[in-house]
Amino acid sequence: MMRFTTLLKHPAEWMQTAGPHSDIVMTSRVRLARNLRGHPFPGWSKKDDRLDVLGIIRPHLEELDEMSDAFSQQLADLTSIQKQVLVERHLISREHAAKSDGCAAVMDRQQFISIMVNEEDHLRMQAIQPGLNLTEAYRQLDDLDSRLDSKLDYAFDRRLGYLTACPTNLGTGMRASAMVHLPALVLSEQINPVIQAVNKIGLAVRGLYGEGTEALANLFQVSNQNTLGEREEEIIARLQKVIEQIIEHERNARLKLIEEKPSMVHDQIGRSYAVLRHAHLIASKESLNLLSMLRLGADLGCFPSGTRSLIDVLFTEIQPAHLQIAAGEKLDPQERDAMRAEILRTRLKSLPEPDMVNKGGIPVEDGKIPNPPDDE
49 MMRFTTLLKH
59 PAEWMQTAGP
69 HSDIVMTSRV
79 RLARNLRGHP
89 FPGWSKKDDR
99 LDVLGIIRPH
109 LEELDEMSDA
119 FSQQLADLTS
129 IQKQVLVERH
139 LISREHAAKS
149 DGCAAVMDRQ
159 QFISIMVNEE
169 DHLRMQAIQP
179 GLNLTEAYRQ
189 LDDLDSRLDS
199 KLDYAFDRRL
209 GYLTACPTNL
219 GTGMRASAMV
229 HLPALVLSEQ
239 INPVIQAVNK
249 IGLAVRGLYG
259 EGTEALANLF
269 QVSNQNTLGE
279 REEEIIARLQ
289 KVIEQIIEHE
299 RNARLKLIEE
309 KPSMVHDQIG
319 RSYAVLRHAH
329 LIASKESLNL
339 LSMLRLGADL
349 GCFPSGTRSL
359 IDVLFTEIQP
369 AHLQIAAGEK
379 LDPQERDAMR
389 AEILRTRLKS
399 LPEPDMVNKG
409 GIPVEDGKIP
419 NPPDDE
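In my numbering, the protein residues as written are 49 to 424.
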């Protein structure tokens, strides 16, 4: 089994790989909720109940082909900072990180698949893919789920579908989502109408770490809300169509900003570059928002190819728990701000100044956005 230190050394594969529409869609994620028949759901269970469920489920998870040399740990064996690292990498939820006895996290070496045992449900399985790739994420997880279904006795009702702790997950037990980067819609103050339109058609828009969190770095999670009465493929297709419309709105907003407010776009990218390259103290929220502007600059051709994937990794590496793990000690807020600034200065040292008008920069004259750089 893979150790935590090994997991930490390697950024998730989806952070470093380009996928369809990667300039706007960072990741696609599909999650399935499952429970075992005849066992109390985690919210009602006692420690011994959770340990029994863990004892039943965990061996089958570790036997999966995908989990060869996997990371598999009970949460009680991890420190609070180690658990927070998994949250910052979107591998477990904040709610799961708050638990310990009888709870576990299992994930493959590349961190495409992660499984929470005894979160809100006995099993919370997720697959993450780079870019807009909901179909592949679902295919990957559906195949894994089918193999587990042949070994575990899932709680299932012929009328209601898969039984879950929360009634909103009844039926398919599936949540599909895409993490979208929408700086132009935010800058042009069009983001609220877009969010309201998405909410009206039964989809949810959340922040960087899901429900109840802030949309830092102009990143938003768009997901389905209904799981009952629709087949998985129908949910995926409907969400895919909406994400494609959001992509079109964001691209149109970028084009309009370049045509009508090129100086403002240049200023946002240039100021962000200057602060990130030279700051000696920088808070998490500020750095994420500045990195968002650098990512926009990369998508507009202001920086060399490969810049976007570097920024996507930095989004995670400058988070509080990652900093403290790297330092090997607990840091107070000012110490974290200093270390964060040092990492950003070091990692961005070789990044040239943004090319605003020359070849590779924003073509202000014709108002056309170049194709996004290929990060692969």
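We treat Cβ as the ideally placed atom computed from N, Cα and C, and that holds for glycine.
Ends of the alpha helix (DSSP H) at P310?
Looking at the DSSP string, the run of the alpha helix (DSSP H) that includes P310 is 310 to 326.
Relative to the alpha-carbon of D193, which residue among P68, R79, L399, G376 has its alpha-carbon at the smallest distance?
Ranking the options by Cα distance to D193, first place goes to R79.
Can you tell me whether S128 is buried or exposed, with buried defined as 16 or more other CB within 10 angstroms of its CB?
The residue is exposed, with fewer than 16 neighbouring Cβ atoms inside 10 Å.
Alpha carbon to alpha carbon, how far is S162 from G221? Give it in angstroms, no decimals.
In a straight line, the C-alpha of G221 is about 16 Å away from that of S162.
Residue environment, N272, which counts as buried when at least 16 other CB atoms sit within 10 Å:
Buried: at least 16 other Cβ atoms inside 10 Å.
Can you tell which of A327, S120, S320 has its C-alpha closest to the C-alpha of P402?
Answer by Cα proximity: S320.
Near E184, what residues of its chain come up, given a Cβ to Cβ distance below 7 Å and the 5 sequence neighbours on each side ignored?
Answer for E184: Q177, listed in chain order.
Would you mind stating whether N337 and A265 have Cβ atoms separated by less than 9 Å?
Taking 9 Å as the Cβ cut-off, N337 and A265 qualify as a contacting pair.
Who does A10 pair with in a DSSP beta bridge?
No answer is possible for residue 10: it lies beyond the span of the chain, which begins at 49 and ends at 424.
Looking at C-beta atoms only, is the number of pairs between the region 365 to 379 and the region 134 to 152 that lie closer than 8 Å three or more?
Contact holds: three or more Cβ-Cβ distances are below 8 Å.
What distance in whole Å lies between the Cβ atoms of I291 and L180, which are believed to be in contact at a cut-off of 8 Å?
Contact flag correct, Cβ pair sits at about 6 Å.
Can you give me the C-alpha to C-alpha distance between L171 and A252, rounded to a whole angstrom?
Straight-line Cα distance between these residues: approximately 22 Å.
With DSSP as the reference, label T75 as helix, strand or coil.
Strand at T75.
Limits of the unbroken beta strand (DSSP E) element including A429
Outside the displayed range of the chain (49 to 424) lies residue 429, so it cannot be described from this structure.
So the alpha helix (DSSP H) R356 belongs to, where does it begin and stop?
Residues 355 to 365.
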